[in-house]
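In full-length UniProt numbering, the protein residues as written are 1 to 293. A short worksheet on the structure shown next.
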Ligand code: FES
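Here you go:
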């Protein structure tokens with residue numbers, strides 16, 4: 001179980017006091033099975049398969065979008081803005097191949113460059129279920145699960161504090177709601193808010209979809225934000241734990257393959273999204289910023 005805050009060589013430090021955020025000695029593991037973190041209905045006939053040292057093969061009816069995220073006008077939190085829907089042109093098997101190495105000249109699609117550059121896409125991420133990997137942060141109204149898989153997307157920083165402090169100190173419905181807002185918009189699925197009374201895990205419903213997210217303020221292109229419980233299959237056939245949200249690396253630079261670990265910032269990964277020319281789309285309404293406690 002990770003116990004230290006994530007640091008990056010660019011000098012920033014993800015600020016939070018981990019000493020405060022430990023499980024109570026007398027508390028049992030959180031029961032994440034009370035309510036599935038994947039809202040019903042679960043997706044059918046869709047999957048993402050990892051090709052050895054190559055792309056992600058996306059099978060089935062999965063929409064692909066590109067969003068950019070940045071602060072709202074009041075500078076109180078981050079929000080997603082829809083840039084475009086990407087036409088995918090599946091092959092005769094219903095498959096689309098998305099670049100994983102970061103070197104394609106036809107992003108987000110694979111163009112075979114991974115072979116020329118000798119891409120090493122070995123999967124190294126911990127395959128244990130979230131409930132085994134996550135720490136629990138306790139609060140009076142909601143608890144917070146945290147497995148420390150960070151894309152540095154910063155949705156956890158809110159007007160009234162970061163999600164960890166909000167969770168611990170939120171004794172009003174308004175503050176608890178803000179804690180949930182900061183956790184369920186996290187693209188990696190690192191953070192999960194849990195109702196302390198009934199064990200409900202707060203997750204919003206997504207249709208099976210992949211959102212390419214670009215970090216406008218850092219000036220870099222980010223990972224694939226996979227939504228809606230799309231099964232992820234490893235090269236060896238292993239099916240990772242089904243998750244409503246997870247983020248897959250698309251820069252080829254992660255140290256925690258296949259998942260994003262924010263290395264796209266270190267390597268200044270870029271694509272050709274129109275946001276880099278100042279074109280910012282409308283707020284993406286597929287993200288709900290109003291959880292009901
Ligand atoms: S994975 Fe094929 S070009 Fe990147």
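Cβ atoms here follow ideal geometry from the backbone N, Cα and C, with glycine treated the same way. From a predicted model like this one, the values you see are computed outputs, not experimental measurements.
For residue 95, which residues of its own chain have a beta-carbon under 6 Å away from its beta-carbon, when the five flanking residues on both sides are left out? Taking the first residue of the chain shown as position 1, residue 95 is located at position 95. For residue 95, same chain residues with a beta-carbon under 6 Å away, outside a window of 5 residues either side, are 57, 59 in chain order.
C-alpha gap between residue 21 and residue 164, whole angstroms: As a position in the chain shown, residue 21 is number 21, starting the count at 1. As a position in the chain shown, residue 164 is number 164, starting the count at 1. Its pLDDT being 40, under 50, residue 21 is placed unreliably by the model, and the measurement read from it follows with that caveat. Cα-Cα distance, rounded: 8 Å.
For residue 114, is the beta carbon positioned less than 7 Å from some heavy atom of the ligand FES? Against the chain shown, residue 114 aligns to sequence position 114. Checking the Cβ of residue 114 against the ligand FES gives yes.
Report the three-state DSSP secondary structure of residue 127 (helix, strand or coil). Walking along the chain shown from the start, residue 127 turns up at place 127. Residue 127: coil per DSSP, three-state reduction.
What would DSSP say about residue 132, mapped onto helix, strand or coil? Your numbering for residue 132 matches position 132 in the chain shown. Three-state result, residue 132: helix.
Cβ contact (3+ pairs, closer than 8 Å) linking the stretch 228-248 and the stretch 205-215: Touching, yes.
CA-to-CA distance, residue 194 to residue 170, given in whole angstroms: By 1-based counting over the chain shown, the position of residue 170 is 170. By 1-based counting over the chain shown, the position of residue 194 is 194. So the two alpha carbons sit approximately 13 Å from each other.
For residue 213 versus residue 222, is the C-beta spacing smaller than 8 Å? Along the chain shown, one-based indexing puts residue 213 at 213. Along the chain shown, one-based indexing puts residue 222 at 222. Yes, they are a contact pair.
Work out the CA separation of residue 278 and residue 217 for me, nearest whole Å. Mapped onto the chain shown, residue 217 falls at position 217. Mapped onto the chain shown, residue 278 falls at position 278. Cα to Cα, residue 217 sits roughly 11 Å from residue 278.
Using the Cβ count rule (16 or more neighbours within 10 Å means buried), how would you classify residue 271? Residue mapping note: residue 271 aligns to position 271 of the chain shown, counting from 1. By the neighbour-count criterion, in which 16 or more other beta carbons inside 10 Å mark a residue as buried, residue 271 falls on the buried side.
Going by DSSP, what residue range makes up the beta strand (DSSP E) through residue 79? Residue 79 sits at position 79 when you count from the first residue of the chain shown. Under the DSSP assignment, residue 79 falls in the beta strand (DSSP E) whose first and last residues are 78-85.
Hey, how far is the Cα of residue 289 from the Cα of residue 116? As a first step, residue 289 must be located in the chain shown, where it is residue number 289. As a first step, residue 116 must be located in the chain shown, where it is residue number 116. In this model, residue 289 and residue 116 are separated by some 43 Å (Cα to Cα).
Please check the pair residue 93 and residue 53, which I expect to be a contact at CB under 8 Å, by giving their CB distance rounded to whole angstroms. Start at 1 with the first residue of the chain shown, and residue 93 comes out as number 93. Start at 1 with the first residue of the chain shown, and residue 53 comes out as number 53. With a Cβ gap of about 21 Å, residue 93 and residue 53 do not count as contacting.
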